[in-house]
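Numbering (our numbering), first residue to last: -18 to 53.
The C-beta atom is built at its ideal place from N, Cα and C for all residues, glycine as well.
Computed from a predicted model, the values in this text were never measured in an experiment.
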């Protein structure tokens, strides 16, 4: 697999993780009446990692952390 495809998969996975996980944390803090709470934020992070691991994990290895990717 080419390096470009691997990097694109890592970028997309990291984008999805930041959007889904951090987005849910921001919404939980900004709108406490939504009711997702700590468990909802933890579940959002977990589900985003799982979805990207299944979607692009076979291409990039599924790190979704630029520091780990550069380190490897």
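Report task. Within its chain, find whatever has a CB closer than 7 angstroms to the CB of residue 47; leave out the 5 residues flanking it on each side and keep chain order. Result -> -5
Query raised in the report: On the three-pair Cβ rule with 8 angstroms, is the segment 31 to 45 touching the segment 3 to 13?
Result: no
Requested in this report: Tell me where the alpha helix (DSSP H) around residue 0 begins and ends.
Outcome: Careful: residue 0 lies outside any alpha helix (DSSP H) and carries neither H nor E.
Requested in this report: Using the Cα positions of residue 44 and residue -9, report the straight-line distance between them to the nearest angstrom.
Outcome: Taking C-alpha positions only, residue 44 is separated from residue -9 by approximately 7 angstroms.
Query raised in the report: What number of angstroms, rounded off, separates the C-alpha of residue 1 from the C-alpha of residue 41?
Result: 19 angstroms
Query - Other residues of its chain near residue 18: CB distance less than 7 angstroms, five sequence neighbours each side excluded - result: Same-chain partners within the cutoff: 9.
**Report entry** Pick from 23, 52 and 16 that is closest to residue -1, judged by C-alpha positions
**Finding:** 23
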